[in-house]
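Residue 340 in our numbering is what sits at position 340 of the sequence shown, and the numbering runs on without skipping anything. For each residue, glycine too, the CB sits at the ideal point set by N, CA and C. Bear in mind that the values here come from a model prediction, so they are computed numbers and not experimental data.
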Amino acid sequence: MMEWSLSAAFDAVAAAAPDRDALVWKETRRTYAEVASRIRNFAAFLQRHGKGSRRERSELERWECGQATVALLLFNCPEYIESMLGCFRARAVPFNVNQHYRAEEIRGLIDLLCAEVAVYHRALGPLVRVVAKARGLLLVDVDDGSGIPALAGSTSFEDAVGKYSAPPELPRPSPDDLYLVCTGGTTGSPKGVLWRQADIFAAAMGGGDDTSPQNLTAKAAVGGATWFAAPPLMHAAAQWTAFAGIHSGATIVLHDDTAPFDARTILDTVVRERVHFMSIVGDAFARRLIAELRERSYDLASLRTIATGGAVTSRSTKEALLELLPDITIIDGYGASETGGMAYGATRRAAGSHHFTPGAGALVLSADRSRFLVAGEDEVGWTARRGRVPLGYLGDRKKTEETFPIIDGQRVAVPGDRARLAADGGIVLLGRDSLVVNSGGEKIFVEEVEQVLRGHPDVVDALVVGRPSERFGEEVVGIVQLRPETAVDPHELREFVARSIARFKAPRAITYCERIRRHASGKPDYPWARSVALDAVASGTRRAD
Numbered sequence: 001m002m003e004w005s006l007s008a009a010f011d012a013v014a015a016a017a018p019d020r021d022a023l024v025w026k027e028t029r030r031t032y033a034e035v036a037s038r039i040r041n042f043a044a045f046l047q048r049h050g051k052g053s054r055r056e057r058s059e060l061e062r063w064e065c066g067q068a069t070v071a072l073l074l075f076n077c078p079e080y081i082e083s084m085l086g087c088f089r090a091r092a093v094p095f096n097v098n099q100h101y102r103a104e105e106i107r108g109l110i111d112l113l114c115a116e117v118a119v120y121h122r123a124l125g126p127l128v129r130v131v132a133k134a135r136g137l138l139l140v141d142v143d144d145g146s147g148i149p150a151l152a153g154s155t156s157f158e159d160a161v162g163k164y165s166a167p168p169e170l171p172r173p174s175p176d177d178l179y180l181v182c183t184g185g186t187t188g189s190p191k192g193v194l195w196r197q198a199d200i201f202a203a204a205m206g207g208g209d210d211t212s213p214q215n216l217t218a219k220a221a222v223g224g225a226t227w228f229a230a231p232p233l234m235h236a237a238a239q240w241t242a243f244a245g246i247h248s249g250a251t252i253v254l255h256d257d258t259a260p261f262d263a264r265t266i267l268d269t270v271v272r273e274r275v276h277f278m279s280i281v282g283d284a285f286a287r288r289l290i291a292e293l294r295e296r297s298y299d300l301a302s303l304r305t306i307a308t309g310g311a312v313t314s315r316s317t318k319e320a321l322l323e324l325l326p327d328i329t330i331i332d333g334y335g336a337s338e339t340g341g342m343a344y345g346a347t348r349r350a351a352g353s354h355h356f357t358p359g360a361g362a363l364v365l366s367a368d369r370s371r372f373l374v375a376g377e378d379e380v381g382w383t384a385r386r387g388r389v390p391l392g393y394l395g396d397r398k399k400t401e402e403t404f405p406i407i408d409g410q411r412v413a414v415p416g417d418r419a420r421l422a423a424d425g426g427i428v429l430l431g432r433d434s435l436v437v438n439s440g441g442e443k444i445f446v447e448e449v450e451q452v453l454r455g456h457p458d459v460v461d462a463l464v465v466g467r468p469s470e471r472f473g474e475e476v477v478g479i480v481q482l483r484p485e486t487a488v489d490p491h492e493l494r495e496f497v498a499r500s501i502a503r504f505k506a507p508r509a510i511t512y513c514e515r516i517r518r519h520a521s522g523k524p525d526y527p528w529a530r531s532v533a534l535d536a537v538a539s540g541t542r543r544a545d
């Protein structure tokens with residue numbers, strides 16, 4: 001079984017198709033050969049500053065990292081992918097930072113993951129200024145045309161890739177080197193998921209246990225498809241789309257995500273670049289594309305596949321897309337940062353919607369997490385994956401052992417979703433078990449929002465739940481109990497929350513009640529809260545946004 005580092009995989013593709021466009025963003029186009037040169041120079045820059053590997057995987061526990069970590073605070077751009085690949089080449093470990101986080105949230109994440117380097121767009125520099133000084137971060141800035149100056153002591157990315165010629169011998173990357181992706185979904189708070197590069201390559205980036213140098217280069221040489229990663233690269237799903245495309249020799253088109261999602265811009269890009277494969281995030285993206293397609297005509301003859309994941313894509317949405325684009329295939333993917341791509345359902349106009357077909361290693365675990373279910377058992381269990389799964393969460397032994405337990409002598413990833421195993425072996429998803437609202441692809445832990453709401457001087461108690469939203473898939477709703485004889489405008493409460501945590505976490509609707517219902521134990525009655533949120537739709541709850 002061939003074990004790949006992500007650097008070795010890229011090098012093989014670049015050697016097979018050096019003159020093909022690798023990355024396209026707005027007016028910028030870079031070939032595989034150009035990207036290969038730039039990432040080697042960036043790796044040399046990191047090496048000259050001592051940012052690489054210090055301890056090998058065999059010396060470490062599965063929640064530990066022996067490599068320098070690098071925070072990426074960037075909007076979509078070619079430098080995002082180049083930074084990742086340059087880090088891998090230097091045996092450093094890049095990780096994604098949500099640019100919508102507030103400065104304190106970013107500081108907490110950078111501290112948690114022990115970053116030594118930050119690569120940032122200049123417009124986002126103010127968010128890392130304080131933590132950069134406190135931690136003594138090595139800073140690399142990407143000029144975004146904002147006119148905002150780089151932070152003091154920062155090196156421009158172009159200088160880093162232009163002034164530092166790669167030495168003849170960079171360190172040899174290992175398949176055991178790490179891929180690190182940040183998530184808050186399964187854990188309830190930001191965590192860094194640690195993958196061996198060989199495992200993430202096979203689990204989510206287009207590789208496989210049987211991928212040999214010969215078939216990787218052969219596939220790349222005859223490639224030439226154009227893949228469009230519409231979501232932000234700060235999300236794992238967009239990274240996986242980009243790298244899976246790279247490993248097939250595709251040209252990767254990146255969306256400019258500095259502005260709000262605009263369906264016209266997305267579709268114009270598909271037309272201009274003759275896109276074959278596009279990834280989106282559930283109903284939040286799809287419904288706006290549908291509305292635009294109904295308004296204007298586009299030549300989308302090149303588009304063959306739309307892959308959707310990261311949030312729910314409803315049956316009605318898929319039917320509407322297929323009515324407008326009858327020749328495409330919709331791939332509805334299921335997975336998590338803790339599992340990689342686990343299962344999929346493919347839908348064409350001529351066929352009904354299928355339930356999820358499990359991928360390699362995908363299983364359903366019994367409710368007590370003691371055994372794997374077999375086809376035909378009707379028990380409601382947990383989705384799980386074995387084989388190519390993460391090592392654990394960086395720096396968190398307890399959560400590592402909870403989410404990645406050893407069952408029957410094998411490490412298993414259990415992301416927290418309930419499911420049944422159908423008689424035909426398919427996976428029937430029943431939903432997330434933890435208290436997470438998935439809004440437009442963003443995972444929001446309700447207790448964090450509740451804590452902020454309860455900090456308002458006129459709020460006695462508050463619960464937060466999700467309810468269906470045509471725009472976002474789900475939206476955050478706050479159920480609030482105010483102090484007697486007080487009145488607070490919903491917009492004021494939303495702004496109060498947004499001053500403490502990222503705006504996308506703030507409730508988009510608020511409904512008021514005389515008393516929050518809790519169980520005798522003091523625990524919240526979330527079924528009651530959800531019914532209140534749903535009933536409020538009919539009664540005309542005032543929007544907070």
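With a CB to CB cut of under 7 Å and the five nearest residues on each side skipped, what residues in its chain are close to I32? Taking the sequence shown and counting its residues from 1, the one referred to as residue 32 is at position 32. The sequence given here places Tyr at residue 32; Ile does not occur at that position. Its chain contains V13, A14, A17, P18, R20, A22 as the residues whose beta carbon lies nearer than 7 Å to that of Y32, once the 5 sequence neighbours on both sides are disregarded; these appear in chain order.
Taking 7 Å as the cut-off, decide whether the C-beta atoms of A362 and R385 are in contact. As a first step, residue 362 is located in the sequence shown; it is residue number 362 there, counting from the start. As a first step, residue 385 is located in the sequence shown; it is residue number 385 there, counting from the start. Going by C-beta atoms, A362 is nearer than 7 Å to R385.
CA-CA distance, P484 and H456? For the purposes of this step, residue 484 is taken as residue 484 along the sequence shown, with counting starting at 1. For the purposes of this step, residue 456 is taken as residue 456 along the sequence shown, with counting starting at 1. Distance between the alpha carbons of P484 and H456: 14 Å.
Measuring only the C-alpha atoms, how far is A533 from E495? In the sequence shown, residue 533 corresponds to position 533, counting from 1. In the sequence shown, residue 495 corresponds to position 495, counting from 1. Each residue's Cα considered, the two are about 20 Å apart.
Taking three-plus beta-carbon pairs below 8 Å as touching, is the region 242-257 in contact with the region 219-229? Segments in contact, yes.
Own chain, CB closer than 6 Å to W25, minus 5 neighbours either side, in chain order: Taking the first residue of the sequence shown as position 1, residue 25 is located at position 25. Counting only Cβ-Cβ distances below 6 Å, and skipping sequence neighbours, we find C77, P78, L254.
Starting from H456, trace the alpha helix (DSSP H) in both directions and tell me its first and last residue. The count along the sequence shown starts at 1 and reaches residue 456 at position 456. No alpha helix (DSSP H) contains H456, which DSSP labels as neither H nor E.
Just to confirm before moving on: does the CB-CB distance between K51 and A68 stay below 7 Å? As a first step, residue 51 must be located in the sequence shown, where it is residue number 51. As a first step, residue 68 must be located in the sequence shown, where it is residue number 68. Against a cut-off of 7 Å, the Cβ pair of A68 and K51 comes out as a contact.
For the beta strand (DSSP E) containing C513, name the first residue and the last one. The residue you call residue 513 lines up with position 513 of the sequence shown. Going by DSSP, C513 is part of no beta strand (DSSP E) at all; its letter is neither H nor E.
Taking the beta strand (DSSP E) that N438 belongs to, which residues open and close that run? As a first step, residue 438 is located in the sequence shown; it is residue number 438 there, counting from the start. That run of the beta strand (DSSP E) goes 436-439.
Note the first and the last residue of the continuous beta strand (DSSP E) segment covering R494. The count along the sequence shown starts at 1 and reaches residue 494 at position 494. The continuous stretches of beta strand (DSSP E) do not include R494, which lies in the alpha helix (DSSP H) extending over residues 490-498.
Quick test of your reading: G466 and A419, contact by CB under 8 Å. State the CB separation rounded to the nearest angstrom. Taking the first residue of the sequence shown as 1, we reach residue 466 at position 466. Taking the first residue of the sequence shown as 1, we reach residue 419 at position 419. The pair is not a contact, with the Cβ atoms about 19 Å apart (cut-off 8 Å).
Who does G345 pair with in a DSSP beta bridge? Reading the sequence shown from its first residue, position 345 is the one you call residue 345. Assignment of beta-bridge partners to G345 by DSSP yields D332.
Is the region 41-56 close to the region 165-185, with three or more CB pairs under 8 Å? With a cut-off of 8 Å, the region 165-185 and the region 41-56 count as touching, because enough Cβ pairs lie within range.
For C77, which three-state DSSP category applies? Along the sequence shown, one-based indexing puts residue 77 at 77. Three-state result, C77: coil.
Between L363 and chain C, is there a C-beta pair that is closer than 7 Å? No chain C appears in the structure shown, which is made up of a single protein chain.
How about R274 and S248: do their beta carbons lie closer than 7 Å? For the purposes of this step, residue 274 is taken as the residue at position 274 of the sequence shown. For the purposes of this step, residue 248 is taken as the residue at position 248 of the sequence shown. No, the Cβ-Cβ distance between R274 and S248 is not below 7 Å.
Just reading off the beta strand (DSSP E) that V128 is part of, what are its end residues? As a position in the sequence shown, residue 128 is number 128, starting the count at 1. No beta strand (DSSP E) holds V128; the alpha helix (DSSP H) holding it covers 125-135.
So D209 is in the beta strand (DSSP E); what residue range does that whole segment cover? By 1-based counting over the sequence shown, the position of residue 209 is 209. For D209, no beta strand (DSSP E) run applies, since DSSP gives it neither H nor E.
Sequence-distant residues of its chain with Cβ nearer than 7 Å to W320 (five each side left out): The residue you call residue 320 lines up with position 320 of the sequence shown. A quick correction: the sequence has Ala, not Trp, at residue 320. I290.
Can you look up L373 in the DSSP assignment and give me helix, strand or coil? By 1-based counting over the sequence shown, the position of residue 373 is 373. Note: L373 maps to coil in three-state DSSP.
Three-state class that DSSP yields for T400 in the structure shown: Counting from 1 along the sequence shown, the entry for residue 400 is found at position 400. DSSP places T400 in helix when its eight states are reduced to three.
Residues in its own chain within less than 6 Å of S521 by CB, not counting five upstream and five downstream? To locate residue 521, count along the sequence shown from 1; it is residue 521. The predicted position of S521 is uncertain, since its pLDDT is 41 and thus under 50; no value can be drawn from it.
Which word fits M1, buried or exposed, when buried means at least 16 other C-beta atoms lie within 10 angstroms of its C-beta? Indexing the sequence shown from 1 puts residue 1 at position 1. Counting Cβ neighbours within 10 Å, M1 comes out exposed, since fewer than 16 surround it.
Rounded to whole angstroms, what's the CA-CA distance from A237 to R91? Just pull it up for me. Residue 237 sits at position 237 when you count from the first residue of the sequence shown. Residue 91 sits at position 91 when you count from the first residue of the sequence shown. Taking the straight line from one Cα to the other gives about 23 Å.
In this structure, how does DSSP classify F277 when only helix, strand and coil are distinguished? Start at 1 with the first residue of the sequence shown, and residue 277 comes out as number 277. Strand.
Comparing C-alpha positions only, which one of V281, G206, P527 sits nearest to G233? On the sequence shown, residue 233 is found 233 positions in, with the first residue counted as 1. Note on identity: in this sequence residue 233 is Leu, with Gly being the wrong assignment. Distances from the alpha-carbon of L233 to those of V281, G206, P527 put V281 closest.
Using 8 Å for Cβ pairs, my map puts H121 next to V142. What's the rounded Cβ distance? In the sequence shown, the residue the question calls residue 121 occupies position 121. In the sequence shown, the residue the question calls residue 142 occupies position 142. Contact annotation, H121 with V142: C-beta distance approximately 5 Å; criterion of less than 8 Å satisfied.
Using C-beta distances below 6 Å, list every residue in its chain close to G86, excluding the 5 sequence neighbours before and after it, in chain order. Translated into the one-based positions of the sequence shown, residue 86 becomes position 86. Non-local C-beta neighbours of G86 in its own chain, meaning closer than 6 Å and more than five positions away in sequence, comprise I39, F42, A43, ordered along the chain.
Alpha carbon of V477 to alpha carbon of G440, nearest angstrom: On the sequence shown, position 477 is the one that residue 477 refers to. On the sequence shown, position 440 is the one that residue 440 refers to. When rounded, the distance between both Cα atoms is 14 Å.
Taking only the alpha-carbon atoms, compute the straight-line gap between A8 and D378 and give it to the nearest angstrom. The count along the sequence shown starts at 1 and reaches residue 8 at position 8. The count along the sequence shown starts at 1 and reaches residue 378 at position 378. Those two C-alpha atoms are separated by around 44 Å.
Give the range of the alpha helix (DSSP H) segment to which F261 is assigned. Here the question's residue 261 lines up with position 261 in the sequence shown. From DSSP, F261 is part of no alpha helix (DSSP H); its letter is neither H nor E.
CB contact flag (L546, A509, <7 Å): There is no way to answer for residue 546, as the model of the chain reaches only from 1 to 545.
Selected residue, minimal CA-CA separation from L365, among S337, R397, F356, G416: Within the sequence shown, numbered from 1, the residue matching residue 365 stands at position 365. Per the Cα distances, G416.
Smallest Cα separation from D209: which of L124, A198, L300? The sequence position of residue 209 within the sequence shown is 209, counting from 1. Nearest option by C-alpha distance: A198.
With 16 other Cβ atoms within 10 Å as the buried cut-off, status of E547: Not covered by the structure: residue 547. The range shown for the chain is 1 to 545.
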